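Shown next, in structure tokens, is the structure this report addresses.
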Amino acid sequence: MKIYNTTKGILVQSDKSFYLVNENWDDFFNNDNLYDKVQDIVKQNSAIDNAEDIIANHLLVPMKSQELWASGVTYFNSKLGRQEESKSAGGGDYYERVYNADRPELFFKATVNRAVPSGGKVNIRKDSTWDVPEPELTLAITSSGKIIGYTIGNDMSSRSIEGENPLYLPQAKTYDACAGLGPCVYLTKEALPTDTKIAMKINRNGQTVFEDSIEINKIKRKFEDLVHYLYKECSFAYGSFLMTGTGIVPTTAFTLQSGDEVKITIDNIGTLINYIR
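Numbering (the working numbering), first residue to last: 883 to 1159.
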């Protein structure tokens, strides 16, 4: 089952049927038993027939008061990429260490006002010369620390700024329209299959300029461990979202351009589409 945050209300999807719920997103989302609640909604309500229009024209980021955080260097490919971009600045050793450490790299990414829904425009910094999207499976977590579902994240990143000095990571990662999130939250009581695939395609002027995919079994860390460290000394009154890192790293020759279309697809969840300003 899936839930969408829209200007018309909360849209629930069960198979090919859709149901509209008039509830506050924060209270609705922050429910350890949300899957069961949504099942009851499906049983007790009638399906609507204009869901396609709502998704096409009224979609919001699937968050409100939740914070969006991110994990770094959780794939071997990411470790290599970060070491390559920072080697001239002498920072490569930090990425090797965090990849093998018990404590993961976690950083704050965005609140709802800096996140963009599917179909929206994400940004590249004007003071950056090398920019990439980072496609990431993103955990939907309640205030108690329970993972109730998954969505798709586009962790926009300035590799030139982060590569200049690892201490510049907040500037490389957090700015206006720095994240795409959505299009929905996929609710499930079961862990995602280990062969779940994350795929990204970047189109420019009608031509594909980058394409790659990876399975989530390449993630080094357990999702529960990432959540454990995130919630160690932080509380989230309405829950949170946590990007789990990227294993798709474009080469040093690639950088985003204004007008590019970024399409990130994750099995069972759907496709997040963002455009570059």
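Even for Gly, the Cβ is constructed at its ideal location relative to N, Cα and C.
Computed from a predicted model, the values in this text were never measured in an experiment.
For the options LYS1145, ASP1142, LEU988 and GLY1031, the alpha carbon positioned closest to that of THR956 is the one of LEU988. In the three-state DSSP reduction, GLU1115 falls in the coil class, being neither helix nor strand. For LYS1028, same chain residues with a beta-carbon under 8 Å away, outside a window of 5 residues either side, are ASP914 in chain order. Between PRO1017 and LEU941, the beta carbon gap of about 19 Å keeps them out of contact (Cβ cut-off 8 Å).
The residue from ASP909, LYS890, PHE911 and VAL1144 with its alpha-carbon nearest to that of TYR901 is LYS890. Collapsing the DSSP output to three states places GLU1072 in coil.
In the DSSP assignment, SER1042 falls within the alpha helix (DSSP H) that extends over 1041-1046. The beta-carbon distance between GLU1093 and LYS1104, rounded to whole angstroms, is 29 Å. This is too long to meet the 8 Å contact definition. Beta-carbon to beta-carbon, TYR1113 and PRO986 are separated by about 13 Å, too far to satisfy the 8 Å threshold.
If you compare the alpha carbons of MET945, LYS946, VAL980 and THR888 with that of ASP935, the shortest gap goes to THR888.
Unbroken beta strand (DSSP E) stretches of 3 residues or longer found wholly inside the stretch 934-1019: 949-954 and 987-992, given in chain order.
Per the Cβ contact rule, the stretch 1115-1122 is not in contact with the stretch 1042-1058 (fewer than 3 Cβ pairs under 8 Å). Nearest in C-alpha terms to GLY1002, of all of ASP1149, VAL1144, ILE1151 and ILE1130, is VAL1144. Its chain contains ARG1086 and ILE1158 as the residues whose beta carbon lies nearer than 8 Å to that of GLN1139, once the 5 sequence neighbours on both sides are disregarded; these appear in chain order. Distance check between LEU1063 and each of SER960, ASN912 and THR1126 places THR1126 closest, using alpha-carbon atoms only.
The straight-line gap separating the alpha-carbon atoms of ASN1036 and ALA1061 is approximately 5 Å.
ILE1098 places its beta carbon less than 9 Å from that of LEU1019.
A residue is called buried once 16 or more other Cβ atoms fall within 10 Å of its Cβ, and PHE990, having fewer, is exposed. For the pair PHE911 and LYS961, the CB atoms are not nearer than the 9 Å cut-off.
Taking the C-beta atoms as reference points, ILE885 is found nearer than 9 Å to CYS1066.
Minimum Cα-Cα distance from TRP951 among the listed residues GLN926, ASN1156 and CYS1116 corresponds to CYS1116.
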